[in-house]
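> Under UniProt numbering, the final residue of the sequence shown carries the number 222; numbering is consecutive throughout.
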Amino acid sequence: MIEFHDVCKRYATGQEALNKVSFTVEEQEIVFLTGHSGAGKSTLMKLIMLMEKPTSGQVMIGGRNLGRLGKSHIPYHRRQVGVVFQNHQLLFDRTVFDNVALPLQICGIHHREVARRVRASLDKVGLLNKETAYPVSLSGGEQQRVGIARAVVNKPPLLLADEPTGNLDPELSAEIMELFRQFSEVGVTVMIASHDVELIKRMHRRVLTLEGGQLIHDGVVW
Ligand code: ADP
Ligand code: ADP
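1. Report yes if the C-beta distance between L168 and A149 is below 8 Å; otherwise report no.
2. I'd like the list of long-range same chain contacts for G40, defined as Cβ closer than 7 Å, with 5 residues on each side in sequence excluded.
3. Excluding sequence positions up to five away, which residues of its chain have a Cβ less than 6 Å from the Cβ of L172?
4. Between A12, S22, V114 and N129, which has its C-alpha nearest D218's C-alpha?
5. Can you list the residues near ligand 1, meaning Cβ strictly closer than 6 Å to any non-hydrogen atom, in the order they appear in the chain?
6. Which residues does DSSP list as the beta-bridge partners of F4?
7. What separation, rounded to the nearest whole angstrom, lies between the Cα atoms of M51 and M191?
8. For a test of your reading of the model: does the CB of Y134 fall under 7 Å from any non-hydrogen atom of ligand 4? Yes or no.
9. Among R112, P75, H5 and V96, which residue has its Cα nearest to the Cα of Y134?
10. Is the stretch 96-108 in contact with the stretch 54-66, if contact means three or more CB pairs nearer than 8 Å?
11. On the criterion of 16 or more Cβ atoms from any shown chain inside 10 Å, does K130 qualify as buried, or is it exposed?
12. Please tell me whether T34 and V207 are closer than 8 Å, where the distance is taken between their beta carbons.
13. How would you label F92, buried or exposed, when you count the other beta carbons within 10 angstroms and need 16 or more for buried?
14. Check whether the Cβ atoms of M1 and T165 lie closer than 8 Å to each other.
15. Count the other CB atoms, across all protein chains shown, that sit within 10 Å of the CB of G147; report buried if there are 16 or more and exposed otherwise.
16. Less than 8 Å between the beta carbons of V152 and K124, yes or no?
17. Below 8 Å CB to CB, which residues in the same chain sit around H111 once its five sequence neighbours on both sides are set aside?
18. Apart from the five residues on each side of it in sequence, which residues of its chain come closer than 8 Å, Cβ to Cβ, to I74?
19. Exposed or buried, which one is N65 when buried takes at least 16 other CB atoms within 10 Å?
20. What does I192 pair with, by DSSP beta-bridge criteria?
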């Protein structure tokens with residue numbers, strides 16, 4: 001699902017963010033991406049989302065070389081990648097339903113189909129009863145689940161999460177991880193950037209560790 005081949009990224013400032021990074025993530029895998037602040041985690045995810053381009057090397061997603069993707073395929077590619085942020089980036093002047101519907105409305109999908117998919121997505125994260133609520137009335141864990149429902153409403157084969165449990169206590173973090181596990185069971189590949197060492201240890205999953213832009217470790221034992 002994800003292939004990096006000798007990927008280097010140097011920003012226009014001269015700052016090197018990734019140095020010869022190579023790895024492969026299979027469909028349906030759950031992998032953690034870890035490393036100190038500045039190690040290159042966000043850069044790696046931005047390359048997958050096509051928000052940045054590598055200076056050299058290749059990034060392949062779902063068998064497509066992103067460097068050879070025509071302009072017209074970029075929106076299609078972005079819909080294949082669901083993204084969950086730490087601060088969930090919800091719109092506080094819109095209901096839960098409207099927040100989750102947003103990615104579908106952008107694609108111009110008929111409102112009945114939108115309603116069906118939004119409810120299927122809210123159902124998966126256990127928030128079907130909150131569709132008319134506003135985010136401000138929800139707990140932090142519920143807000144994060146709305147963010148996840150929005151990220152998967154398009155049924156992307158790949159889900160990227162940047163510090164998805166950053167503001168949550170261990171119990172809520174475990175709930176969020178359980179959701180990711182359920183998505184992976186239906187075929188979704190999940191990549192989670194996290195600093196949360198305790199959480200990562202508990203999960204016993206593959207961990208990619210970056211340090212100064214280099215992949216210094218790739219494996220389960222960490
Ligand atoms: P992390 O997500 O692990 O904290 P980043 O990928 O954000 O790491 O950053 C990796 C390195 O690249 C850091 O030295 C950072 O300062 C630098 N960097 C990130 N984004 C930019 C940018 N847009 N322009 C210049 N340097 C950047
Ligand atoms: P439909 O197939 O009619 O669109 P659903 O939206 O209920 O119906 O989804 C059907 C199945 O696909 C569910 O079991 C769901 O868990 C699974 N599925 C496949 N890909 C994804 C994804 N990216 N996110 C969430 N669920 C997914």
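Yeah, the Cβ is synthetic: ideal placement off N, Cα and C, and Gly gets one too.
Inspection of the coordinates gives the following:
1. no
2. A17, L18, L210 and G213
3. G141
4. S22
5. Y11, T13, Q15, A17, G35, S37, G38, A39, G40, K41, S42 and T43
6. F23 and V59
7. 17 Å
8. The ligand content of the structure shown is limited to ligand 1 and ligand 2, which means ligand 4 is not among them.
9. V96
10. no
11. buried
12. yes
13. exposed
14. no
15. buried
16. yes
17. none
18. L50
19. exposed
20. F32 and A161
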